[in-house]
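Following: one structure in C-alpha cells, then a few remarks.
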Amino acid sequence: MHALVLQSDFGKADGAVCAMYGVAESVQPGLRIFDLTHEIEQYDIWEGSYRLIQTVSFWPEGTVFVSVVDPGVGSTRRSIAALTDDGHYIITPDNGTLTHVKRLCGLKCVRLIDETVNRMPHAVDSYTFHGRDIYAFTGARLAAGVIRFDDIGPEIPQDSVVTLPLIDPKMQDGAIEGTIDVLDIRFGSIWTNIPHSLFKELHIDYGERVQIEIRNDTRALYRNVMTFAHSFAEVFVGEPLAYINSLDYLAVAINQGSFARAYSIGTGNSWHIRVSRSPF
Amino acid sequence: MHALVLQSDFGKADGAVCAMYGVAESVQPGLRIFDLTHEIEQYDIWEGSYRLIQTVSFWPEGTVFVSVVDPGVGSTRRSIAALTDDGHYIITPDNGTLTHVKRLCGLKCVRLIDETVNRMPHAVDSYTFHGRDIYAFTGARLAAGVIRFDDIGPEIPQDSVVTLPLIDPKMQDGAIEGTIDVLDIRFGSIWTNIPHSLFKELHIDYGERVQIEIRNDTRALYRNVMTFAHSFAEVFVGEPLAYINSLDYLAVAINQGSFARAYSIGTGNSWHIRVSRSPF
Amino acid sequence: MHALVLQSDFGKADGAVCAMYGVAESVQPGLRIFDLTHEIEQYDIWEGSYRLIQTVSFWPEGTVFVSVVDPGVGSTRRSIAALTDDGHYIITPDNGTLTHVKRLCGLKCVRLIDETVNRMPHAVDSYTFHGRDIYAFTGARLAAGVIRFDDIGPEIPQDSVVTLPLIDPKMQDGAIEGTIDVLDIRFGSIWTNIPHSLFKELHIDYGERVQIEIRNDTRALYRNVMTFAHSFAEVFVGEPLAYINSLDYLAVAINQGSFARAYSIGTGNSWHIRVSRSPF
Numbered sequence: 033m034h035a036l037v038l039q040s041d042f043g044k045a046d047g048a049v050c051a052m053y054g055v056a057e058s059v060q061p062g063l064r065i066f067d068l069t070h071e072i073e074q075y076d077i078w079e080g081s082y083r084l085i086q087t088v089s090f091w092p093e094g095t096v097f098v099s100v101v102d103p104g105v106g107s108t109r110r111s112i113a114a115l116t117d118d119g120h121y122i123i124t125p126d127n128g129t130l131t132h133v134k135r136l137c138g139l140k141c142v143r144l145i146d147e148t149v150n151r152m153p154h155a156v157d158s159y160t161f162h163g164r165d166i167y168a169f170t171g172a173r174l175a176a177g178v179i180r181f182d183d184i185g186p187e188i189p190q191d192s193v194v195t196l197p198l199i200d201p202k203m204q205d206g207a208i209e210g211t212i213d214v215l216d217i218r219f220g221s222i223w224t225n226i227p228h229s230l231f232k233e234l235h236i237d238y239g240e241r242v243q244i245e246i247r248n249d250t251r252a253l254y255r256n257v258m259t260f261a262h263s264f265a266e267v268f269v270g271e272p273l274a275y276i277n278s279l280d281y282l283a284v285a286i287n288q289g290s291f292a293r294a295y296s297i298g299t300g301n302s303w304h305i306r307v308s309r310s311p312f
Numbered sequence: 033m034h035a036l037v038l039q040s041d042f043g044k045a046d047g048a049v050c051a052m053y054g055v056a057e058s059v060q061p062g063l064r065i066f067d068l069t070h071e072i073e074q075y076d077i078w079e080g081s082y083r084l085i086q087t088v089s090f091w092p093e094g095t096v097f098v099s100v101v102d103p104g105v106g107s108t109r110r111s112i113a114a115l116t117d118d119g120h121y122i123i124t125p126d127n128g129t130l131t132h133v134k135r136l137c138g139l140k141c142v143r144l145i146d147e148t149v150n151r152m153p154h155a156v157d158s159y160t161f162h163g164r165d166i167y168a169f170t171g172a173r174l175a176a177g178v179i180r181f182d183d184i185g186p187e188i189p190q191d192s193v194v195t196l197p198l199i200d201p202k203m204q205d206g207a208i209e210g211t212i213d214v215l216d217i218r219f220g221s222i223w224t225n226i227p228h229s230l231f232k233e234l235h236i237d238y239g240e241r242v243q244i245e246i247r248n249d250t251r252a253l254y255r256n257v258m259t260f261a262h263s264f265a266e267v268f269v270g271e272p273l274a275y276i277n278s279l280d281y282l283a284v285a286i287n288q289g290s291f292a293r294a295y296s297i298g299t300g301n302s303w304h305i306r307v308s309r310s311p312f
Numbered sequence: 033m034h035a036l037v038l039q040s041d042f043g044k045a046d047g048a049v050c051a052m053y054g055v056a057e058s059v060q061p062g063l064r065i066f067d068l069t070h071e072i073e074q075y076d077i078w079e080g081s082y083r084l085i086q087t088v089s090f091w092p093e094g095t096v097f098v099s100v101v102d103p104g105v106g107s108t109r110r111s112i113a114a115l116t117d118d119g120h121y122i123i124t125p126d127n128g129t130l131t132h133v134k135r136l137c138g139l140k141c142v143r144l145i146d147e148t149v150n151r152m153p154h155a156v157d158s159y160t161f162h163g164r165d166i167y168a169f170t171g172a173r174l175a176a177g178v179i180r181f182d183d184i185g186p187e188i189p190q191d192s193v194v195t196l197p198l199i200d201p202k203m204q205d206g207a208i209e210g211t212i213d214v215l216d217i218r219f220g221s222i223w224t225n226i227p228h229s230l231f232k233e234l235h236i237d238y239g240e241r242v243q244i245e246i247r248n249d250t251r252a253l254y255r256n257v258m259t260f261a262h263s264f265a266e267v268f269v270g271e272p273l274a275y276i277n278s279l280d281y282l283a284v285a286i287n288q289g290s291f292a293r294a295y296s297i298g299t300g301n302s303w304h305i306r307v308s309r310s311p312f
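Residue numbers (this note's numbering), protein chains in the order written: chain C, 33 to 312; chain P, 33 to 312; chain E, 33 to 312.
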C-alpha cells in the first residue's frame, strides 16, 4: 500500500476535500492520505504544476499524487495517469499540470483514464466534481493496490500530453536571462527558473555582489545590487539577497521582509529576471 | 477501529485543533484522524450542519464525526451523539448542527452524552473547551472501540433534537421557489435547496435557457437568463450558468468568476431564488 | 513508533510542508504525522513557543514535535532536541522556541543536533530549508525508532538553551499585574500569563465583577468592569467577560465578538493587564 497525496484549488473551508478523503477511506480503510496543498489559486494550472515539482521527489517511490486544478471539468479534456522516471504516480486532468514534472523528472508512461471503469460506483450524477468521483477514487485504488497502473486505461504517447510553455534560461553577454516561476508565498521570496548550475557560470562567490534586474512585458520594476548569500542570516534584517533555494534554483528575497510585495513582483513567463556580476 | 473526522470553527492558526488530535491519539495511538474543515464561520451552526451533509455519506459506515460549533459552551445546551440511518456517528452540541443530516439522512438513534463519564480524566478544570475535553475524547473512544455507542448515555427522543428552520422548495405557477443554502466558497458558486428531482419538473434540457431571480428580504439582487449546463466548460469564461452540483442540487455560477461576489449574494433562509423557464 | 507533530511558519499554500511530510514518510512509511499549526506569524518565535505549551501535554509520551520558526536559518544558531520532564521530544532551532516549555513543563535533557549525521542524505545543497533536510528528517527518525535520543548528538547544559524573557505576574496592592501572552486567534480572546491559582487570591467568585485595565508601553487602552464567568454562555451576546481559559489561565473576551479587535489589543511583554476586584 502506498501513500496518496492530494492537491487542488478547492481550499479547505468547505467539504470538498473531506469528501475526497472519504472516498479514499471507503476504497481502503487505513490508506495513508496526505495533502500537498489545496490553496492553489483557482484555475492556476501553472502553480499546480510547480508545486508537484517542489514535492514529488521527496516522497517514496510508488506514492500516488492526485492533482485537481481543473477549469475544464466536464469538457473533452482527458483524464490521465502518469508514471514518472523515479516511480511516482500522478493522476490529473490533462491540462498542463504535468508541465514541470515531465520536463524535470521525466515520464516513463502515461495512460488515459477510462472513466467508464474508473469512477466511483453509485456516484451522484455529477459533472462538476471529478476530483471526488474519478481522481480520488482512482488514486486511492491505485495506492491501495486494488488496481494496477495497467488497469487504468490505454497508454498514450507522451508527446500528446498537454504542457504549458516553459522558457529556458540562457546566458547571454555575461548575464543570465530567466523568468520568475513562483513565489515562496508566505515569505515573499521570488523563485526563478535559473538553476544553480547555470548561475555558477557567472563565477560569483558567496559573499560577493550580484546585480538583479526585473521587468515584465510593460516596464522595469527593479534594478539593484545585492549580496549573494548562503541564507537570509548572512545579511541584515530588511536587506535584499540572492540565494540558492531549496530546489537548487536562484531566488531573491528580503531578509524578514517580502520582496514580492515590496516591488509588486508577479510570476509567469512575462516576468523576466536578468542576473549579472555587480558592475561596481 | 473506525476513522474519526473533526469539524469546528476554531481555525488551524492556534493549537486548539492540535490539542484535540492529541487527546484522540492518547485515547488510542494509531487512530485514523481527519479534518472535515475547521474554517466554519465562527458560531455558524447552519454552515456546520451543511458541511456534514456534504461529506458524511462519502465515508465508510462506522465513521465517527465530531462537530464543534458551540456558541453555547458552558450553558445548559446538551451534548449528544447520533447514529444516522446509514451508520455514521455524529457527536456535537445539541444546537442545530444535526439539522440537515436529520432531514436528509435520517437518524436511527440519538443519545445524551453523560459528561460525568465521557470526559477526559485529569482535564484542566475548563468550561470553555468541551471540543477537547468531551467531544474529541468521546469521539476517539467510540471510533477506537473503547466504548460502544450504548455506553455514551441514555437514548433521547429524536424530536427533542434541536434543529434550525429548513424551508422546503416548492413549485408554484410554473416556477420553483427555493433558498440559497450555502456557497461553494472558493469558486463563489451559490448552492440552492432545490433538488435535481424537483428541477426536472420544469422540463428544461441541458443547453436550454433558464431564468434565475434572486432576492433577499429587502430587495431583488439578480434577474437574468442563463444556460443550464452540465458543467462550467460548456459556457464561455465569464458567462453565468445553472447546473446540478456535486450533491445533486441546483447551483448557479459564473465560469471562472465568483457569482456570489459579483452580485453580493448571501446565504440562509432570507435569501430566495426563483427558477423558471426562460420567457424568450 | 511514536507520532510526529510538525509546526512552522511556512503556511500550507506552497509545497514546503508537503516536502517535510514526504521526507518523514520516506524515513518510515506509515509513520503517523500530524500538524500543530503552520500559520505561526513569520519569524514569531514567541508564538511558536506558546503553541507548544498549548498542545504538548495533550499528546502521548514519546511524541516527537518538530517546530521550525527559524529566522536564523543558515546562521550559527544551534539545532537542538529536548526531552521534557513529561517525556515529549521537541526538535527546533535554539532560538527561544523552548521558552514556555522549559519554564512550565521542565526539560530533562537537551542535545545538540549533530548536523553532519542528522541530515537527509543526497539532499540538495540547501542552506535555507533545514526544516526539511534536518528537522523533519531527524524528527521522523526519532519517532520511528531508527535512532535513539542519545544518537542525536552530545548533551548540552540546560542553561545554555536560548529563552525569551518571560515576565512573572505578581500580586501588588490587591491587584494582579500580568501580561498578554497570546490571542485565541479566531475568537479574539486575549490570554494572559495569570494562572488560575494566582487569580484565586483575589477571592472573586464566579458571577462577581472584576476590573480589567490594559495598557501598552505608550498608553492605556481599556479600563472596565465585567463579569467573571465560567464560560461565554453566562453573559449576553456582545458582553465582555473574564474567564479561566482551557490552559487554566485568566482570559478576557467578548461573547461572540472580538475583544482584541474591538480595543486593538496586541500581545507580548509590552502589553500589560491589571486585574482587581470591582471598586463598585
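All C-beta atoms, glycine included, are put in the ideal place defined by N, C-alpha and C. Note that the structure is predicted; figures quoted are calculated from it, not measured.
Beta-carbon gap between residue i and residue j smaller than 8 Å
i: E/Asp313; j: E/Val101; result: Not covered by the structure: residue 313 of chain E. The range shown for chain E is 33 to 312.
i: P/Ser315; j: P/Gly163; result: Here chain P has residues from 33 to 312 only, and residue 315 of chain P is not among them.
i: P/Val307; j: P/Val242; result: yes
i: P/Glu240; j: P/Tyr254; result: no
i: E/Ile112; j: E/Arg143; result: yes
i: P/Glu71; j: P/Gly43; result: yes
i: P/Ile199; j: P/His132; result: no
i: E/Phe169; j: E/Val49; result: no
i: P/Ala265; j: P/Tyr238; result: no
i: C/Met52; j: C/Leu38; result: yes
i: C/Gly128; j: C/Leu196; result: yes
i: E/Glu147; j: E/Ile166; result: yes
Inter-residue Cα distance where the pair is residue i and residue j
i: C/Ala252; j: E/Val178; result: 52 Å
i: E/Leu313; j: E/Ser229; result: The requested residue 313 of chain E does not occur in the structure, where chain E is confined to residues 33 to 312.
i: E/Ile188; j: C/Leu115; result: 47 Å
i: C/Ser107; j: C/Asp126; result: 11 Å
i: E/Tyr275; j: P/Asn150; result: 23 Å
i: C/Pro201; j: C/Lys232; result: 13 Å
i: P/Ile286; j: E/Asn225; result: 50 Å
i: C/Arg110; j: C/Thr160; result: 14 Å
i: E/Leu279; j: C/Leu136; result: 49 Å
i: E/Asp213; j: C/Glu79; result: 37 Å
Cβ-Cβ separation, residue j to residue i (assumed contact under 8 Å), whole Å
i: P/Thr69; j: C/Ala45; result: 6 Å
i: E/Tyr121; j: E/Val105; result: Going by Cβ atoms, the distance from E/Tyr121 to E/Val105 rounds to 21 Å, so no, they are not a contact pair.
i: E/Val98; j: E/Gly171; result: 4 Å
i: E/Thr299; j: E/Leu215; result: 6 Å
i: C/Ser302; j: C/Val257; result: At roughly 24 Å, the Cβ-Cβ gap does not stay under 8 Å, so C/Ser302 and C/Val257 are not in contact.
i: C/Gly185; j: C/Ile145; result: 5 Å
i: E/Arg247; j: E/His304; result: 5 Å
Residue i beta carbon near the ligand ATP (any heavy atom closer than 7 Å)
i: P/Pro272; result: As for the ligand ATP, it is missing from this structure, which has no ligand bound.
Neighbour list for residue i in chain B, Cβ cutoff strictly below 7 Å
i: E/Glu233; result: The question asks about chain B, but that chain is absent: this structure's protein chains are C, P and E.
*With contact counted as at least three CB pairs below 8 Å, one residue from each stretch, are the segment 220-229 of chain E and the segment 281-294 of chain E in contact?*
yes
*Would you check if there are 3 or more beta carbon pairs closer than 8 Å linking the segment 88-103 of chain C to the segment 198-207 of chain C?*
no
*Residues of the segment 135-151 of chain P with a CB closer than 8 Å to any CB of chain E: list them in chain order, please.*
none
*Can you give me, in chain order, the residues of the segment 264-282 of chain E that have a beta carbon less than 9 Å from any beta carbon in chain P?*
Phe264, Ala265, Glu266, Val269, Tyr275, Ile276, Asn277, Ser278, Leu279 and Asp280
*Interface positions of the segment 159-178 of chain C facing chain P (Cβ-Cβ less than 7 Å), listed along the chain*: Tyr159, Thr160, Phe161 and Arg164
_Residues within the segment 208-230 of chain P neighbouring chain C, beta-carbon criterion of under 7 Å_ = Asp216, Ile217, Arg218 and Phe219
*What residues in the segment 98-127 of chain P have a beta carbon less than 7 Å from any beta carbon of chain E?*
Pro103, Gly104, Val105, Gly106 and Ser107
*Any residues in the segment 35-47 of chain E with a beta carbon nearer than 9 Å to a beta carbon of chain C? Which ones, in chain order?*
Asp41, Phe42, Gly43, Lys44, Ala45, Asp46 and Gly47
_At a CB distance below 7 Å, what residues from the segment 48-66 of chain C approach chain P? Give them in sequence order._
Cys50, Ala51, Tyr53, Gly54, Val55, Glu57, Ser58, Pro61 and Gly62
*Scan the segment 180-206 of chain E for residues whose Cβ lies nearer than 9 Å to a Cβ of chain C and list them as they occur along the chain.*
none
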